[in-house]
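The block underneath contains the structure these notes are about, expressed in structure tokens.
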Amino acid sequence: MKKLKEFIIEKAIFLSGSLSIIFVVLIFVFLVKEGVLFFKYVPPKDFLMGNNWYPLSTPEQFGMLPLILGSLLVTIGSMLISIPLGVACAFYIAEVVNPKFKDILKTGVELLAAIPSVVIGFVGMITLVPWVKSIFNLPTGLTALSGSIMLAFMAMPTIVSIAEDAITAVPRRYKEAALALGATHWQAMYKVIIVAAAPGIFAAVMLGVGRVIGETMAVMMITGNAAVIPHTFLEPVRTLTATIAAEMGESIRGSNHYYALFVVGIILFIITFIINFVADVFLHRIKK
Amino acid sequence: MNSRVSQKIAFTVLFLSALVTILPVLLIIVVIVKNGISAISWEFLTAAPTNGMRSGGIFPAIVGTFYLALGATAISLPLGVMGGIYLSEYSKDNMFTRILKLGIVNLAGVPSIVYGLFGLSLFVIYLKFGVSLISGCLTLAIMELPSIITATQAALHSVPRSFREVSLSLGATKWQTIRHSVLPHALPGIITGAVLSNARITGETAPILFTVAAFYLPHLPSSVLDQVMALPYHLYVISTQIPGISKSTTYGTALVLIVFTLSLNLFGIILRTYLRRQKKW
Numbered sequence: 110m111k112k113l114k115e116f117i118i119e120k121a122i123f124l125s126g127s128l129s130i131i132f133v134v135l136i137f138v139f140l141v142k143e144g145v146l147f148f149k150y151v152p153p154k155d156f157l158m159g160n161n162w163y164p165l166s167t168p169e170q171f172g173m174l175p176l177i178l179g180s181l182l183v184t185i186g187s188m189l190i191s192i193p194l195g196v197a198c199a200f201y202i203a204e205v206v207n208p209k210f211k212d213i214l215k216t217g218v219e220l221l222a223a224i225p226s227v228v229i230g231f232v233g234m235i236t237l238v239p240w241v242k243s244i245f246n247l248p249t250g251l252t253a254l255s256g257s258i259m260l261a262f263m264a265m266p267t268i269v270s271i272a273e274d275a276i277t278a279v280p281r282r283y284k285e286a287a288l289a290l291g292a293t294h295w296q297a298m299y300k301v302i303i304v305a306a307a308p309g310i311f312a313a314v315m316l317g318v319g320r321v322i323g324e325t326m327a328v329m330m331i332t333g334n335a336a337v338i339p340h341t342f343l344e345p346v347r348t349l350t351a352t353i354a355a356e357m358g359e360s361i362r363g364s365n366h367y368y369a370l371f372v373v374g375i376i377l378f379i380i381t382f383i384i385n386f387v388a389d390v391f392l393h394r395i396k397k
Numbered sequence: 009m010n011s012r013v014s015q016k017i018a019f020t021v022l023f024l025s026a027l028v029t030i031l032p033v034l035l036i037i038v039v040i041v042k043n044g045i046s047a048i049s050w051e052f053l054t055a056a057p058t059n060g061m062r063s064g065g066i067f068p069a070i071v072g073t074f075y076l077a078l079g080a081t082a083i084s085l086p087l088g089v090m091g092g093i094y095l096s097e098y099s100k101d102n103m104f105t106r107i108l109k110l111g112i113v114n115l116a117g118v119p120s121i122v123y124g125l126f127g128l129s130l131f132v133i134y135l136k137f138g139v140s141l142i143s144g145c146l147t148l149a150i151m152e153l154p155s156i157i158t159a160t161q162a163a164l165h166s167v168p169r170s171f172r173e174v175s176l177s178l179g180a181t182k183w184q185t186i187r188h189s190v191l192p193h194a195l196p197g198i199i200t201g202a203v204l205s206n207a208r209i210t211g212e213t214a215p216i217l218f219t220v221a222a223f224y225l226p227h228l229p230s231s232v233l234d235q236v237m238a239l240p241y242h243l244y245v246i247s248t249q250i251p252g253i254s255k256s257t258t259y260g261t262a263l264v265l266i267v268f269t270l271s272l273n274l275f276g277i278i279l280r281t282y283l284r285r286q287k288k289w
């Protein structure tokens, strides 16, 4: 009897253990299930390379290029801000700060991650957007720049905590050897430690990119939601995520528009899958 | 340049970077508290919205968010803990475990809006749950799963090997060992992980957009197949789609939401710090 009970428990544990794989597969299958019908009507080339996203006009046009470029622009902008800032912050926490304040700083970074994206979007809308508008003298402050700035802060917790782990994981003797040879602490940091921690920092950046590409609410509220090909940071853009969130509610179930939004979801899924895979490979390398 | 001077400059720059990273948190909190506190009243917290959501309270949204967070965690906690036990105690260093870990990493990295699409496709349409509390809870539960698995695995991992060896050498079976000698010591860590992941999903908007959230629903749900209002979605709606709403109402809603998530988070973080100090081995 006892044996049987234990057998059942262990099988249940194994099953729960496999759930993660099952769910990843399920997510993909159910996105494809809805999305695949789309390509019956629209050739993939028109979809990926088309310049116009007019899902509600007749004839409807589903050119995804403006959305891809919108996501790309916002991601590049936010990374330009958050990579230098985040890595510097990670170095400060790992190497420089008085240990007494270390926990406070780490808690602060964690709390930044805890603020819901809709709140960040709301605060950005009310504070940052009017500033951008008046500083650059624009017709609207809802621009790729505003989105990039807010997203940079949302990527920061990921970048800082993973980069900090990577820096802390660098063997002590590397630093000690550098110091013994007469290097200052700073020289040891930027000539020795950063090199040893590079794969981990790269993984941190990748995961930060993944975080930013997948971010939805804040982007939708701040970037202006104009599905046109952007030329500068000071124009409104629309990202892949915001398109799904904004249009799914008004699309008719079973219409081309509805299927198209699922295809956008599949593309997002594949992008983040690749990013996470690459980051994981680099993190795995450090552990060895 | 003198190397001491350049170190001074470099460290100042690093300090400023850390400051720029942390300050926005304080700034956001201060701005919301300062503008939102005047809206908070007994009526605001306990009444339904009225007048096209321009006045009245946010009670249905608070209750909806509470149900969603509780329901999601109730589903995800047992599955996540068992998944964590499998990874920490049973899994071998082989290809399957590699794939499993990759699965967890990817599940954690799936964009929140894609979870929304998935929930729509599987729960709302395929399983015919409709736009309902149960669809929302299940979607959020899957989203919460990877962080609970990871937290459980880490908590179990920190229990010393010798605990297991002693129990096994006394003739206990593998499951008895886990159940009585390992799990109790890992429990605080697991609870902390659950609190923190619960805090995270409380603020999620995108996954509930198409699976559960109601634009305006002034009464409380009577079954799991009902729609509910939720705080994050309500904040989105009133701040973008209701013209002429008073600023203090939106700030007040944002305030209630961040009090929800930040207090859960702070509780989790403090619990964790405290437990780390308590550890006897």
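Going line by line, the protein sequences match chains C and F.
Per this note's numbering, the first sequence starts with residue 110, numbered consecutively.
Per this note's numbering, the second sequence starts with residue 9, numbered consecutively.
C-beta atoms are modelled at their ideal positions from N, C-alpha and C, and glycine is treated no differently.
Please report the straight-line C-alpha distance between residue 54 of chain C and residue 373 of chain C, rounded to a whole angstrom.
Absent from the model: residue 54 of chain C. The displayed extent of chain C is 110 to 397, so no value can be given.
On the criterion of 16 or more Cβ atoms from any shown chain inside 10 Å, does residue 291 of chain C qualify as buried, or is it exposed?
Translated into positions along the first sequence, residue 291 of chain C becomes position 182. By the neighbour-count rule (16 or more Cβ atoms within 10 Å), residue 291 of chain C is not buried but exposed.
Checking 8 Å against the spacing of the C-beta atoms, do residue 190 of chain C and residue 258 of chain C come in under that value?
For the purposes of this step, residue 190 of chain C is identified with residue 81 of the first sequence, where counting begins at 1. For the purposes of this step, residue 258 of chain C is identified with residue 149 of the first sequence, where counting begins at 1. In this structure, residue 258 of chain C lies closer than 8 Å to residue 190 of chain C by Cβ.
DSSP puts residue 64 of chain F in a beta bridge; with which residues?
The residue you call residue 64 of chain F lines up with position 56 of the second sequence. Answer is F/57, bridged to residue 64 of chain F.
Simplified DSSP state of residue 171 of chain C, which is helix, strand or coil
Here the question's residue 171 of chain C lines up with position 62 in the first sequence. Note: residue 171 of chain C maps to strand in three-state DSSP.
If you measure beta-carbon to beta-carbon, which residues of the stretch 135-161 of chain F are closer than 9 Å to chain C?
150, 153, 154, 157
Kindly say whether residue 52 of chain F, judged by its beta-carbon, lies nearer than 8 Å to any beta-carbon of chain C.
What you label residue 52 of chain F is simply residue 44 of the second sequence in a count that begins at 1. So no, residue 52 of chain F is outside the interface.
Taking Cβ to Cβ, would you say residue 159 of chain F is nearer than 8 Å to residue 198 of chain F?
Here residue 159 of chain F is taken as the residue at index 151 of the second sequence, counted from 1. Here residue 198 of chain F is taken as the residue at index 190 of the second sequence, counted from 1. Yes; because the gap between Cβ atoms is below 8 Å, this pair is in contact.
Look up residue 28 of chain F in the DSSP assignment and say whether it is helix, strand or coil.
As a position in the second sequence, residue 28 of chain F is number 20, starting the count at 1. Residue state, collapsed to three classes: helix.
Using only the alpha-carbon positions, how far apart do residue 301 of chain C and residue 284 of chain C sit?
On the first sequence, position 192 is the one that residue 301 of chain C refers to. On the first sequence, position 175 is the one that residue 284 of chain C refers to. Between residue 301 of chain C and residue 284 of chain C, the C-alpha separation is close to 7 Å.
Beta-carbon of residue 294 of chain C versus every beta-carbon of chain F: anything under 8 Å?
Locating residue 294 of chain C in the first sequence gives position 185, where the first residue counts as 1. So yes, residue 294 of chain C belongs to the interface.
Best match in C/356, C/173, C/164, C/156 for proximity to residue 338 of chain C [C-alpha to C-alpha]:
Indexing the first sequence from 1 puts residue 338 of chain C at position 229. Measuring from the Cα of residue 338 of chain C, the nearest candidate turns out to be C/173.
Segment contact flag, the stretch 329-345 of chain C with the stretch 100-108 of chain F, C-beta cutoff 8 Å, min 3 pairs:
no
List the whole-angstrom C-beta distance separating residue 377 of chain C from residue 323 of chain C, where the pair is believed to meet the contact cut-off of C-beta under 8 Å.
As a working note, residue 377 of chain C is residue 268 in the first sequence. As a working note, residue 323 of chain C is residue 214 in the first sequence. Going by Cβ atoms, the distance from residue 377 of chain C to residue 323 of chain C rounds to 7 Å, so yes, they are a contact pair.
7 Å Cβ cut-off: residues of chain F touching residue 189 of chain C
Translated into the one-based positions of the first sequence, residue 189 of chain C becomes position 80. Correct list: empty, because the minimum Cβ distance to chain F is about 14 Å.
If we require 4 or more residues per run, which alpha helix (DSSP H) segments fall completely within the stretch 186-241 of chain C?
208-223, 226-232
Any 3 or more C-beta pairs closer than 8 Å across the stretch 184-201 of chain F and the stretch 209-220 of chain C
no
Could you have a look at residue 163 of chain C and say whether DSSP puts it in helix, strand or coil?
Along the first sequence, one-based indexing puts residue 163 of chain C at 54. Three-state DSSP puts residue 163 of chain C in a strand.
Cross-chain neighbours of residue 18 of chain F in chain C, by beta carbon under 7 Å
If you number the second sequence from 1, residue 18 of chain F lands on position 10. Ordered by position in chain C, the residues that pass the 7 Å Cβ test against residue 18 of chain F are 295.
If you measure between the beta carbons of residue 203 of chain F and residue 276 of chain F, is that distance less than 8 Å?
Here the question's residue 203 of chain F lines up with position 195 in the second sequence. Here the question's residue 276 of chain F lines up with position 268 in the second sequence. Contact flag set, yes.
Going by the C-beta, is residue 192 of chain C closer than 7 Å to any heavy atom of the ligand ZN?
The ligand ZN is not part of the structure shown, which contains no ligands of any sort.
Starting from the beta carbon of residue 209 of chain C, find every residue of chain F whose beta carbon is closer than 8 Å, and list them in chain order.
As a working mapping, residue 209 of chain C is identified with position 100 in the first sequence. Residues of chain F passing the Cβ test: none, with the nearest at roughly 13 Å.
Smallest Cα separation from residue 162 of chain F: which of F/41, F/184, F/13, F/96?
One-based indexing of the second sequence puts residue 162 of chain F at position 154. Nearest C-alpha to residue 162 of chain F: F/96.
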